[in-house]
Amino acid sequence: MIDINIIRNNPEIVRENIKKKFQDAKLPLVDEVIALDKQNRELKQLGDDLRAERKTLSGQVGMLMKEKRVAEAEEIKAKVKAGAEKLVEIEAKQTEIDKKIKKIMMTIPNIIDASVPVGKDDSENVELKRFGEAKVPEYEIPYNADILESFCGLDKESAGRTSGNGFYYLMGDAARLVTAMISYARDYMIDKNFIYAIPPFMIRSDVVTGVMSFAEMDAMMYKIEGEDLYLIGTSEHSMIGKFKDQILKEIELPVTMTSYSPCFRKEVGAHGIEERGIYRVHQFEKQEMIVICKPEESMNWYEKMWSYTVEIFRNLNIPVRQLECCSGDLADLKVKSCDIEAWSPRQQKFFEVGSCSNLSDAQSRRLGIRVKGENGNYFPHTLNNTVLASTRALIALLENNYNADGTVTVPEVLRPYMGGKAIINPKK
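Taking the working numbering, I'd label the letters of the sequence shown as residues 1 to 428.
Given below as structure tokens:
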């Protein structure tokens, strides 16, 4: 949610931003907010005038009563009462307009950073840099489900009976690999001085709408029937929500935290749920990172955060690239975002394994997170980044560490978490 002063003072900036995001249907919202805001400020002035008049008249009543001028005092009392009734009407109207303004403001997209390339959708995202050599071996790389099944690591048939399509059982060395990757990613982030946390896996609706747009919520979140609770699609939501309605001390910044959680997603859309493999599923595990910082420091943190993910994947022997998201591919709260994509030697292309985003003060405004600074309170910037998402990271690891004899080499950094195991052998 952007600062309403931007709409008051620079509405053209807001309109141009909407156009850059190819959301022209939202252009009339700018004029609607301007009109409502003007009406609201006029009502506020009228209310302030009535309160000042009431204070003056109330003082006169006391004086008149002392002088025993009862009739005149009663006339003024009637004026005070009429003013009070009018004030109630004004305040009710203000509350109604405030709700309308907030609803519209939560729909208007955040102002994107000047460095963001303009494009309609993800097909126009821009590759910035590659890390590691994207190789294609001379031997065939099987599909991820086939690799997992070769060492009895995947059972989607049983999960279909218990839970339906989009779920899976990971077993044996496959399950152990996931735990090893998550544990390694956790310890890596702790070494970077991020505080480790395990957050709530359900959050209330006011937290959901504080951290994401309504469109994202409908496409991702599972609602708990009969309760004001949603299953989290990513732990950054409950991690940022931790600071809802809080005033932080400036000396406490930056807040740097890394969290583990399962993630639950409806995955609504044309892409659908993957039938056999584990690329697009309803449930997975993730190590996440969040930062709450001073506005002037957020872009520096953005650069650090995505680079951490790159280093982790390179330590798993996985080539990756950084892909900058264009304007049309940015969610409404984001000012800048990039995807980290891993190399798939089987498909001979890159695929998304993580996303890093700077949301400026959009989430802190929605959630009421403020910082007590030397010159008064202000809204901090919030950022989030995927450290490692279990299923997609597992696919990338299997494909890039698969050998001609059907074995999978365990990356060296994971071996301490695998009891020293260096090779996973297919079952005979």
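Virtual Cβ for every residue (Gly too), placed ideally from N, Cα, C. The model shown is predicted, which means the values in this text are computed figures rather than measured ones.
{"Item": "D339 - containing beta strand (DSSP E), residue span", "Value": "336-344"}
{"Item": "Per-residue burial, Y402 [other beta carbons within 10 Å of its own, 16 or more giving buried]", "Value": "buried"}
{"Item": "Q246, buried or exposed, once every other Cβ within 10 Å from all chains shown has been counted against 16", "Value": "exposed"}
{"Item": "Alpha-carbon to alpha-carbon, A393 and I278", "Value": "10 angstroms"}
{"Item": "Bridge partner(s) assigned by DSSP for V70", "Value": "Paired residue(s): none; V70 is not in a bridge."}
{"Item": "Selected residue, minimal CA-CA separation from S307, among E42, S355, K38, R280", "Value": "S355"}
{"Item": "Beta carbon of P142 nearer than 9 angstroms to that of S150", "Value": "yes"}
{"Item": "K19 - containing alpha helix (DSSP H), residue span", "Value": "11-20"}
{"Item": "Residue range of the unbroken beta strand (DSSP E) whose run includes L248", "Value": "247-249"}
{"Item": "Best match in L333, R346, S357, D332 for proximity to Q322 [C-alpha to C-alpha]", "Value": "S357"}
{"Item": "Cβ neighbour criterion (16 or more within 10 Å) applied to C338", "Value": "buried"}
{"Item": "Span of the beta strand (DSSP E) around I461", "Value": "Residue 461 lies beyond the residue range present for the chain, which begins at 1 and ends at 428; the question has no answer from this structure."}
{"Item": "Among N375, M1, A52, F167, nearest to N110 - alpha-carbon criterion", "Value": "M1"}
{"Item": "A362 burial status per 10 Å Cβ neighbour count (16 or more: buried)", "Value": "buried"}
{"Item": "Candidates T382, A219, I312: closest to E296 by CA position", "Value": "T382"}
{"Item": "Residue from I4, A331, A175 whose Cα sits closest to the Cα of I104", "Value": "I4"}
{"Item": "W306 beta carbon near the ligand SAH (any heavy atom closer than 8 angstroms)", "Value": "Absent from the structure shown: the ligand SAH. Ligands present: none."}
{"Item": "Residues near K135 in its chain [Cβ-Cβ closer than 7 angstroms; skip 5 each side]", "Value": "P345"}
{"Item": "E127 versus K336 - alpha carbon distance", "Value": "14 angstroms"}
{"Item": "Of the listed residues V281, T209, D48, I190, nearest to I290 (C-alpha basis)", "Value": "I190"}
{"Item": "Touch test, the stretch 226-234 against the stretch 258-269, Cβ-Cβ under 8 angstroms, three pairs minimum", "Value": "yes"}
{"Item": "Residue environment, Q287, which counts as buried when at least 16 other CB atoms sit within 10 Å", "Value": "buried"}
{"Item": "Burial state of L316 (16 or more Cβ within 10 Å)", "Value": "buried"}
{"Item": "Burial state of K152, where buried means 16 or more other Cβ atoms lie within 10 Å", "Value": "The amino acid occupying residue 152 in the given sequence is Cys; Lys does not appear at that position. It is exposed - the Cβ of C152 has fewer than 16 other Cβ atoms within 10 Å."}
{"Item": "Distance between T391 and A270 (C-alpha atoms, nearest Å)", "Value": "In this prediction, A270 has a pLDDT of 49, which is less than 50 and means its spatial position is unreliable; nothing more can be read from the coordinates."}
{"Item": "Bounding residues of the alpha helix (DSSP H) (the contiguous stretch that carries L148)", "Value": "144-150"}
{"Item": "Q363 at chain B interface by Cβ criterion, 9 angstroms", "Value": "The structure shown contains no chain B; it is built from a single protein chain."}
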